[in-house]
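Let me begin by presenting the structure, written as structure tokens, before commenting on it.
Residue numbers (the numbering used here), protein chains in the order written: chain A, 86 to 350; chain B, 342 to 729; chain C, -13 to 311.
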């Protein structure tokens, strides 16, 4: 498929960028680094909504869904889970050189993989990751690709070669219409991600699964990972205690009378 | 030998947790409080193709592995032992036929019973026949093309909810060579539901008395070999016990996870109680014993997969896992302190449910006797030597 | 990136409705003013829109030295493409060393894309900004799990988004004449078309940050209607932690914390909230904080003024009774 021949009646080629996050965010009390060991990895919640959306669109319009994820060795499971939900193939980007990447370096690496895969009409991702919560990756991928972005999607329909997206903003909903290709970041709760069946899990293992290293992507070490990242962590500190809490004592009635007095003043 | 789960098995655990969090966990306390299970779970599990994955494809199953089946049972039991026990009755009997049934049985019954809806029940116990399973007095006599059943069964799980019952009964006077298993479908005239019994474990499960008065069923309802039901039952127990045992592991894991969370959050003397060595020791013992139990179960399942005899290994796994669950849930309540005995926390339920595991599907005592007789390689029938 | 020393000045991207400056942008002006003074550089603002009236004059009541204005009818409402193009062009042209955005739907749509275009870093949801004077480096402080991280950006400009609600609103000060720079641009609106904008029927959506009293509920609350009654009694509004919103008990617009909103009401009553770091970020600047929790060691008490150890379902009815007395 070339850059110019987008024929929607036939196929929707969709890429979904997903991230595995630790189930619990725990910080080592001595080194103040995130503890990864022994904590289970799960699909970032709103990325699951993005996968669900891609599969629903594929079921309705036909097409192909490719999952892309970057991370340490153990995220394979997360990608297979996505395949079990109905995606067609998965690309797993893994290399020691990618460690310590900030959002810019991550987006750059993902985009390199996206370009290597070919042309997509739709690129989906979750609004934010639940561990770092930056919301950066979507707009940055769109910028690297030079395509339109639509963030905060809560609803989406494809009609007449165009995409209509309902966005959830602070105190209003905005509906926009865009042309392909477009990157869309989705809000958690936009749909109910399906739970794959037992059979789906084993079918997923038979689907195409690619592992790409820094060499496969043709990148140099100074473009990626910590060295390719303009933001760095300088230090991490525990939150400070900011108030002296007075515990109200006495019977329930006394306590509530005291509090009522405080609230009234 | 490989001791790690595959990616597929890790995902299986994840989706089960997702499923349980959505469909089971919110209702667990209600099962116990209202003494009523939510049977709609069965249909939902069937939709996910998670019921009886060990049933082969040719009989309408998916032909999954025994370890996968164990993972499913453990995860469900981790949320609700009640749910595991009930839902396992959708495939126990089809699996039983697969293991000990005749070719006619398999053709006639497996796909029919294993349809993702039907719930079975197994009935061996009578007022005077429990651990001594060969002493049942319920009789079935062949009259023409029909079996005529008379007698009263006790402790029948899924009572009144099951679509069919597998009844262990007497078809001849000989103690060990006079027992058979007969299938009775619900609403068969002559079979009535008796008194329901209250219990502290698995409170959501209907359990009680099943009464037969000249109950007539077709001849084809005989499952397995005529008068060899006792031996069939021994074979079957080798498998069913393992799934009961993995349920105990599930309970214990639930208790451990709740305890870890509580120990990290609950503060006394200015620090989380999880920082105190006595609590840490309990957590360490619980975690170690849970893993040990699971490994014993997996070993026996591996022998089942290879077609090896695993009576001793199964009894060891059942004995250890269930007594472990009893110890672990006791410690979990201890860690939770006063909160542990309240219904605000799940550990009191884990403890109550653990209690039945050392009794159901063969008491700990009988497991020990069988293990010992296997060790001493008695020439006699296992149970006889055990009881001598 | 060629020479970081060529970058000078602090910029604030201003969000506004017509001539009205949004609260979140006023907060940025307060932060920006301090940074600019410390660095001894100008505080500049970028305003993009249509029919902005006396907006640039108004900004000068908040210590803004330079206002860059891009005004055009097609810029009436925010869309990514033209706003992104303008912002990038002007930053490339004027080379500020620091650019501040708000963590709002507009800021979070625009800032990452701008940072990407400029090949610089972006630190999200900052709660405080400081200057390392020796290195002339911006210290960007943001939540990191239950902890606080200090981030730095090694290239210029140093860009951040700031969590709205955590910085005090600056007072409207003396008018100080600054410079207004009108910028004329060819505008390409891109291939995006706004079809409609709907305000949800629930008119209260989004108002939580404006309420004087917030009754916030966490996992320890089993009965929502009790909390509602208390809110009614105190003329307040219900807020919630993430688990409550995830469970669908309250809409996302009511979520307080790092991934939700930061609030600073006069009175904040935390009911059955243990006080995870990500929640505390969103409420610790409230006036009076009262915490009700069964666990005396819950972290919420560390940020509360008054604490009650008890079950919410018993305390609230008693409190309502006491309030009605």
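Think of the CB as a built atom: it goes at the ideal place given N, C-alpha and C, for glycine as much as any other residue.
Remember, predicted model here, so these are calculated numbers, not experimental data.
From residue i to residue j, what does the alpha carbon distance come to, in whole angstroms?
| i | j | result |
| --- | --- | --- |
| residue 386 of chain B | residue 322 of chain A | 46 Å |
| residue 273 of chain A | residue 240 of chain A | 11 Å |
| residue 203 of chain A | residue 149 of chain A | 12 Å |
| residue 260 of chain C | residue 207 of chain C | 11 Å |
| residue 692 of chain B | residue 681 of chain B | 10 Å |
| residue 709 of chain B | residue 664 of chain B | 12 Å |
| residue 8 of chain C | residue 335 of chain A | 45 Å |
| residue 303 of chain B | residue 370 of chain B | Residue 303 of chain B lies beyond the stretch modelled for chain B, which goes from 342 to 729, so this question has no answer here. |
| residue 460 of chain B | residue 292 of chain A | 35 Å |
| residue 375 of chain B | residue 186 of chain A | 53 Å |
| residue 618 of chain B | residue 655 of chain B | 34 Å |
| residue 26 of chain C | residue 257 of chain C | 45 Å |
| residue 224 of chain C | residue 250 of chain C | 14 Å |
| residue 284 of chain A | residue 401 of chain B | 13 Å |
| residue 271 of chain A | residue 132 of chain A | 8 Å |
| residue 331 of chain A | residue 233 of chain C | 32 Å |
| residue 568 of chain B | residue 407 of chain B | 29 Å |
| residue 379 of chain B | residue 512 of chain B | 36 Å |
| residue 330 of chain C | residue 153 of chain C | Lying outside -13 to 311, the shown extent of chain C, residue 330 of chain C is not represented and no answer is given. |
In its own chain, which residues sit with a C-beta less than 8 Å from the C-beta of residue i, not counting the 5 before and 5 after it?
| i | result |
| --- | --- |
| residue 356 of chain B | 389 |
| residue 638 of chain B | 411, 583, 586, 587, 590, 658, 662 |
| residue 559 of chain B | 486, 487, 488 |
| residue 2 of chain C | 8, 11, 33, 35, 38, 41 |
| residue 716 of chain B | 653 |
| residue 127 of chain C | 112, 113, 114, 115, 116, 134, 135, 136, 137 |
Quick one: what's got a C-beta closer than 6 Å to residue i's C-beta in the same chain, skipping five residues either side?
| i | result |
| --- | --- |
| residue 105 of chain A | 126, 156, 160, 163 |
| residue 571 of chain B | 475, 517, 520 |
| residue 301 of chain A | none |
| residue 630 of chain B | 665 |
Check whether the Cβ atoms of residue i and residue j lie closer than 9 Å to each other.
| i | j | result |
| --- | --- | --- |
| residue 269 of chain A | residue 234 of chain A | yes |
| residue 156 of chain C | residue 44 of chain C | no |
| residue 545 of chain B | residue 688 of chain B | no |
| residue 542 of chain B | residue 422 of chain B | yes |
| residue 253 of chain C | residue 241 of chain C | no |
| residue 328 of chain A | residue 304 of chain C | no |
| residue 119 of chain A | residue 131 of chain C | yes |
| residue 490 of chain B | residue 503 of chain B | no |
| residue 183 of chain A | residue 101 of chain A | no |
| residue -3 of chain C | residue 60 of chain C | no |
| residue 337 of chain A | residue 293 of chain C | no |
| residue 315 of chain A | residue 105 of chain C | yes |
Is there at least one non-hydrogen atom of the ligand ATP closer than 8 Å to the beta-carbon of residue i?
| i | result |
| --- | --- |
| residue 650 of chain B | The ligand ATP is absent from the structure shown, which contains no ligands of any kind. |
Less than 7 Å between C-beta atoms, sequence neighbours within five positions excluded: which residues of the same chain meet that for residue i?
| i | result |
| --- | --- |
| residue 538 of chain B | 548, 549 |
| residue 89 of chain C | 110, 111, 147, 148, 149, 150 |
| residue 495 of chain B | 466, 467, 468, 550 |
| residue 166 of chain C | 42, 53, 55 |
| residue 64 of chain C | 92 |
| residue 690 of chain B | 373 |
| residue 349 of chain B | none |
Just confirm the distance between the C-beta atoms of residue i and residue j, as a whole number of angstroms; I'd bet it's less than 8 Å.
| i | j | result |
| --- | --- | --- |
| residue 420 of chain B | residue 366 of chain B | 5 Å |
| residue 705 of chain B | residue 660 of chain B | 5 Å |
| residue 220 of chain C | residue 348 of chain A | 7 Å |
| residue 238 of chain A | residue 275 of chain A | 6 Å |
| residue 596 of chain B | residue 669 of chain B | 5 Å |
| residue 207 of chain A | residue 97 of chain A | 6 Å |
| residue 99 of chain A | residue 209 of chain A | 6 Å |
Along chain E, in chain order, which residues have C-beta atoms closer than 9 Å to that of residue i?
| i | result |
| --- | --- |
| residue 281 of chain C | In summary, chain E is missing from the structure at hand, where the protein chains are A, B and C. |
- Query: Is the stretch 123 to 140 of chain C in contact with the stretch 224 to 243 of chain A, if contact means three or more CB pairs nearer than 8 Å?
  - Reply: Too few Cβ pairs lie closer than 8 Å, so no.
- Item | Three or more C-beta pairs below 8 Å linking the stretch 686 to 699 of chain B and the stretch 637 to 645 of chain B | Fewer than three beta-carbon pairs drawn from the stretch 686 to 699 of chain B and the stretch 637 to 645 of chain B are found closer than 8 Å, and the two stretches are therefore not classed as touching.
- Message: Across the stretch 48 to 67 of chain C and the stretch 12 to 25 of chain C, are there enough close Cβ pairs to call them in contact, namely three or more that are closer than 8 Å?
- Response: With a cut-off of 8 Å, the stretch 12 to 25 of chain C and the stretch 48 to 67 of chain C count as touching, because enough Cβ pairs lie within range.
- Item | Any 3 or more C-beta pairs closer than 8 Å across the stretch 160 to 179 of chain C and the stretch 66 to 81 of chain C | The stretch 66 to 81 of chain C and the stretch 160 to 179 of chain C touch, with three or more beta-carbon pairs separated by less than 8 Å.
- Message: Check whether the stretch 297 to 313 of chain A and the stretch 242 to 249 of chain A touch, using three or more Cβ-Cβ pairs below 8 Å as the test.
- Response: A contact is defined here as three or more CB-CB pairs under 8 Å, and the stretch 297 to 313 of chain A fails this definition with respect to the stretch 242 to 249 of chain A.
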